[in-house]
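K.L.:
Position in the sequence shown (from 1) plus 7 gives the number in this note's numbering.
I'd like to ask some things about the structure below.
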Amino acid sequence: MAVVKYDAAGSHAWMKSLCPNLAGTSGETVSSVATDAAGNVLAVGISSGTCDFGTGPMTVTGLGFVVKLDPAGNTLWARPFTGGTYGGSVAVDATGNVYSASYSNAPFDFGAGALTGADDDIVLGKFDTSGNAVWAKSLDGPYDSGDQRLGGLAVDTAGNTILAGALYGGSIDFGGGPLNAYLTNGDGFLAKLSP
């Protein structure tokens with residue numbers, strides 16, 4: 008798996024191979040990329056083994072990760088998602104904080120403490136500019152019999168997090184009480200969470 012940068016004219020600038028030690032194996036995917044105001048590149052995805060992003064080996068077996076590259080493609084930091092969490096979407100706020108949203112089917116830890124996740128619950132984490140976990144949330148509701156699917160993640164200029172997705176049965180809780188699904192083939196949602 009790799010991240011490729013093109014300049015404004017569409018010419019190849021660089022390519023960074025992520026987890027080159029796992030090249031040719033299955034299951035390595037970058038699912039989302041974003042850039043910050045300084046031109047650093049953030050990528051989230053999933054890997055199937057012990058991966059070295061350039062900062063030393065870390066175990067990401069079948070789990071998600073977030074990695075930050077400088078404008079030249081050099082690795083600044085990388086963090087694994089422990090538990091049953093998979094790479095999903097990434098966004099960056101105006102001050103360079105990194106937000107990652109994905110889904111989890113088991114207890115997970117972004118580095119801010121263990122939380123529960125089951126039945127493909129959406130999970131959201133915030134990291135500072137150095138990759139330290141600031142907070143993490145599981146959006147599971149009390150009727151956790153359905154799946155949640157993330158459609159998109161954005162962060163506005165005030166640092167509010169915007170999520171879009173679908174709920175397939177069960178419920179979801181953004182912090183104001185549970186919202187129950189009414190259809191079994193997908194209820195859409197749009198939510199805005201304060202910083």
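In this text, a Cβ means the ideal position worked out from N, Cα and C, and glycines have one as well.
Using three-state DSSP, classify P202 as helix, strand or coil.
P.N.:
Position 195 of the sequence shown, counted from the start, is the residue given in the question as residue 202. Three-state DSSP puts P202 in coil, outside helix and strand.
K.L.:
Does the count of Cβ pairs from the segment 102–111 and the segment 128–135 closer than 8 angstroms reach three?
P.N.:
Short answer: they touch.
K.L.:
Pull the bridge partners of S109 from the DSSP assignment, please.
P.N.:
On the sequence shown, position 102 is the one that residue 109 refers to. Note: S109 sits in a beta bridge opposite V130.
K.L.:
Measuring CA to CA, which of G176, A161, G166 and L190 is closest to L197?
P.N.:
Residue mapping note: residue 197 aligns to position 190 of the sequence shown, counting from 1. Of the candidates G176, A161, G166 and L190, the one whose C-alpha sits nearest the C-alpha of L197 is A161.
K.L.:
From the DSSP output, in three-state form, read off P64 for me.
P.N.:
To locate residue 64, count along the sequence shown from 1; it is residue 57. Looking at P64 - three-state DSSP - the assignment turns out to be strand.
K.L.:
What does DSSP give as the partner residue(s) for V78 in the beta ladder?
P.N.:
Taking the first residue of the sequence shown as position 1, residue 78 is located at position 71. As written in the sequence, residue 78 is Pro, which differs from the Val given in the question. The partner list for P78 (beta bridge, DSSP) is empty, contrary to what the question assumes.
K.L.:
How many Å lie between V97 and N192 at the Cα?
P.N.:
Along the sequence shown, read from residue 1 onward, the residue named residue 97 stands at position 90. Along the sequence shown, read from residue 1 onward, the residue named residue 192 stands at position 185. So the two alpha carbons sit approximately 26 angstroms from each other.
K.L.:
Mind checking D163: buried by the 16 CB within 10 Å criterion, or exposed?
P.N.:
Taking the first residue of the sequence shown as 1, we reach residue 163 at position 156. By the 10 Å Cβ count, D163 comes out exposed.
K.L.:
Rounding to the nearest angstrom, what Cα-Cα distance links G172 and S24 in this structure?
P.N.:
Residue numbering aside, residue 172 sits at position 165 when the sequence shown is read from its first letter. Residue numbering aside, residue 24 sits at position 17 when the sequence shown is read from its first letter. Distance between the alpha carbons of G172 and S24 is about 30 angstroms.
K.L.:
Return the Cβ separation of P78 and N47 in integer angstroms, given the expectation that the two are a contact with Cβ distance under 8 angstroms.
P.N.:
To locate residue 78, count along the sequence shown from 1; it is residue 71. To locate residue 47, count along the sequence shown from 1; it is residue 40. Confirmed, about 6 angstroms.
K.L.:
Take M22 and list the residues in its own chain whose beta-carbon comes closer than 8 angstroms to its own, dropping the five residues that flank it on each side.
P.N.:
Start at 1 with the first residue of the sequence shown, and residue 22 comes out as number 15. So the list reads A9, V10, V11, K12 and G80, once near-sequence residues are dropped.
K.L.:
In angstroms with no decimal places, state the Cα-to-Cα distance between T42 and T82.
P.N.:
Counting from 1 along the sequence shown, the entry for residue 42 is found at position 35. Counting from 1 along the sequence shown, the entry for residue 82 is found at position 75. So the alpha carbons of these two residues sit roughly 14 angstroms apart.
K.L.:
Is the separation between the beta-carbon of L186 and that of L170 shorter than 8 angstroms?
P.N.:
Counted from its first residue, the sequence shown places residue 186 at position 179. Counted from its first residue, the sequence shown places residue 170 at position 163. No; because the gap between Cβ atoms is not below 8 angstroms, this pair is not in contact.
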